[in-house]
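Beneath this line is the structure, given in structure tokens, with notes to follow.
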Amino acid sequence: MSNDSTSFNRRTMLKSLTAGAIYSLATSTSVQAKTPVSQPELPSLPEGVSANSLAMNESFWVKVALFYDTAQGIVNLEHGYWGKMSRPVQEKFIENTRMVNTNLSYYARKHYADDHAISTNTVAKALGVNNEELVLTRNATESIHNLIRQYNALGPDDAVLYTDIDYPSFKDTMQWLAVSRNLDAVEVVLPAQASQKQILDLYIEAFDKHPNLKLMLLTHVSNQHGLVLPVAKISAIAKRRGIDIICDCAQSWGLLDFKITDLNVDWAGFNLHKWIGSPLGVGALYMRNGTLAKVSPYPGESDPDNIKASTRVHTATINFASILTIPAAIEFHQRIGGANKEARLRYLRSLWVSKAQKMPHIEVLGAIDEESSTGMGAFRLAGKTTLQDANDLQKRLEYEFGVFTVVRVGLSSGCCIRVTPQVFTSVSDIHQLVIALKNLA
Ligand SMILES: Cc1ncc(COP(=O)(O)O)c(C=O)c1O
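Quick look at the structure:
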């Protein structure tokens, strides 16, 4: 909170608000959000129970689900786009929105900087990095685009690398970088079903084949099928060969439980509005101390000593309330427990994947070993790889079976349907998908 010497602070502002008015900002579709709700207690985490055992404890997860507004009419298995805020986080966001909207520039100019620093420090602590290594952004795209665009260490004979499973816009930006510097762009193609070892071997093969590689995009969890890449192992080998890495953690933080040091990368982009459950419009950029020289400041910013990661981004006016709500989102995420969330989501994927793998008309994509899997998964009808095929399948799932999913593109093996549960997804929702899969034959 602010150290400002004036008696006026954010807490005073909040007190001046009428509690009832806070709820008037709720969306018209959410009745629960319009009415003050008495919060149930989060279930206490049973002692001595592993995350994998807790993952199968339906009564625990039913209680967790009570903290989220429920949508009716469709089984939504498309939670990879962004994450639903839990109700306590949503209420904090509404409260912050109202406070900012009431006090406007007086708050923003006098007190926001201190609150912004608190949010930055909270994210840095949760990711296990130093405060000055972390910059809040509007989304992972802003973080990663800036890293790619502002990378300044390419020589005339260097090449850049990306993979078919990378996020489409980032592949495009890597291609743009190569074209604009007249360099080669190498694309590694991963198999439609892959293990950690296969992935690592393919990267090593590409490094051997292209000794002039200088920069690579490396995705922690793929947007198409939730495949986990062995980032730390790839990174160790890349670093020995002088290849710089921009790591895309847009989809991974919160879906997986980890600290940045686990990844062994110098630069990474994150989202908080996916699996950390913050309001929309919150991402982060990590740049390890001592590595800033190869990424220029944002045009017009100055950092002659290359010590200020904050100069690599220029976000200008942002949604202050979203940033203010970060500590509440991280607190809720940590109360459920990152490892528990990861295990529950993986378990939900295993429920449908184990059945789908026995259906000859379904091709399950992505992980073939546990370490490569997350709660996110994907499939297609066997042999049906075109965009039209995937669009038709998405429609059938939605209109014939009441299951909402999304089409993903970009894999060399073709288009697919992505399936992403959330912590409030029930086992019966997954069963509805399994029934649909059976009936697609
Ligand atoms: C792997 C991956 N990278 C990047 C992004 C972009 O995230 P955002 O639009 O929040 O910047 C996504 C979004 O789904 C993603 O899955």
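Read left to right, the sequence shown gives residues 16 to 456 (my numbering). Ideal Cβ placement from N, Cα and C applies to all residues, glycine included.
When the five nearest sequence neighbours on each side are left out, the beta carbons in the same chain lying within less than 6 angstroms of the beta carbon of Asn-355 are those of Ala-66 and Leu-69, in order along the chain.
Bounds of the alpha helix (DSSP H) holding Leu-192 are 183-195. Annotation: the continuous beta strand (DSSP E) that includes Trp-282 extends over 282-286. The segment 309-366 is shown to contain whole alpha helix (DSSP H) runs of 4 or more residues at 335-339 and 341-351, in chain order. Here Ser-195 is exposed. Its C-beta has fewer than 16 other C-beta atoms within 10 Å.
If you keep only unbroken beta strand (DSSP E) runs of at least 3 residues inside the segment 412-446, you get 421-423 and 431-434. Leu-448 and Ser-134 have their alpha carbons spaced roughly 38 angstroms apart. If you check the C-beta of Ser-237 against ligand 1, you find a heavy atom less than 7 angstroms away. Contact between Ser-293 and Ala-344 holds, since their C-beta atoms are separated by about 4 angstroms, short of 8 angstroms. In this structure, DSSP gives Val-246 a helical state, which the three-state scheme calls helix. Across the set Leu-198, Ser-158 and Met-114, the C-alpha of Ser-158 shows the shortest separation from the C-alpha of Cys-262.
In this structure, DSSP gives Val-201 an extended state, which the three-state scheme calls strand. For Asp-130, the uninterrupted alpha helix (DSSP H) run begins and ends at 127-142, by DSSP. Annotated as distal: Lys-254 and Ala-168, with beta-carbon spacing of 8 angstroms or more.
For the 8 angstroms CB-CB criterion, Arg-303 and Glu-148 form a contact. Distance from the C-beta of Tyr-301 to the nearest heavy atom of ligand 1 is not below 7 angstroms.
Secondary structure note for Ile-377: its beta strand (DSSP E) is the uninterrupted segment 377-382.
A heavy atom of ligand 1 is found nearer than 7 angstroms to the CB of Ala-265.
Of the candidates Pro-103, Ala-265, Leu-228 and Glu-62, Leu-228 places its Cα closest to the Cα of Arg-256.
Here the segment 348-366 lies against the segment 267-278, with 3 or more beta-carbon pairs under 8 angstroms apart. Considering only Gly-284, Ile-377, His-288 and Arg-395, the residue with the shortest C-alpha distance to Asn-161 is Gly-284. Under the DSSP assignment, Thr-234 falls in the beta strand (DSSP E) whose first and last residues are 228-234. Within the model, the alpha-carbon separation for Phe-108 versus Arg-359 is close to 26 angstroms. Within a 10 Å sphere around the beta-carbon of Met-391 sit 16 or more other beta-carbons, which makes this residue buried. Ile-338 has its alpha-carbon roughly 38 angstroms from the corresponding atom of Phe-416.
Counting along the chain, Val-175 sits inside the beta strand (DSSP E) bounded by residues 174-178.
Using a Cβ distance threshold of 8 angstroms, Leu-408 and Ile-341 do not count as a contacting pair.
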